[in-house]
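Undergrad:
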Amino acid sequence: MMAPDAEWRLWMPGGPVVRGREALRAEILRQMRYASNNKCNTLRAVSTPRVVLQERSDWAVMRGGACPHQMVAVYELNEDGRISRWREYINMADLDRKRGVAAVDAHLA
212 MMAPDAEWRL
222 WMPGGPVVRG
232 REALRAEILR
242 QMRYASNNKC
252 NTLRAVSTPR
262 VVLQERSDWA
272 VMRGGACPHQ
282 MVAVYELNED
292 GRISRWREYI
302 NMADLDRKRG
312 VAAVDAHLA
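According to the working numbering, the sequence shown is numbered sequentially starting from 212.
(1) Quick one, are the C-beta atoms of Leu240 and Trp219 less than 8 Å apart?
(2) Does at least one heavy atom of the ligand SAM sit under 7 Å from the Cβ of Val285?
(3) Just the Cα atoms here: how many angstroms apart are Glu290 and Met213?
(4) Taking the runs of the beta strand (DSSP E) that are 3 residues or longer, which of them lie wholly in the stretch 246-290?
(5) Could you say which of Met273, Arg293 and Ser268 lies nearest to Val262 if we only look at CA atoms?
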């Protein structure tokens, strides 16, 4: 599914970038330490041969509380059809408020 050199920008604009399959796996496992019961609900998906856009209404439990959030994910595919770039457009201020995290600490949570 993921290209060996895939990169994931955790949020747009300006979020950190994670590069490479092992780093992606480590980031997902890190997020699983504080988020559970994740549900990704696709509202709409649009694609071309090399790009997929997915509008989602996601839900998770974070820090013991419900945390619904909306986002748009963009997946760019390489010539082998594997994801080479992944970025998520999300309102981080809204998500931080729901998570109970101060914006200055958000990148650590």
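Note that the Cβ used here is the ideal one computed from N, Cα and C, for glycine as well. Computed from a predicted structure; not experimentally measured.
TA: Straight from the coordinates:
(1) No, they are not a contact pair.
(2) You won't find the ligand SAM in this model; it holds no ligand whatsoever.
(3) Going from the Cα of Glu290 to the Cα of Met213 covers about 12 Å.
(4) Fully enclosed beta strand (DSSP E) runs of no fewer than 3 residues occupy 246-250, 253-258, 262-273 and 280-288 of the stretch 246-290, in order along the chain.
(5) Considering only Met273, Arg293 and Ser268, the residue with the shortest C-alpha distance to Val262 is Arg293.
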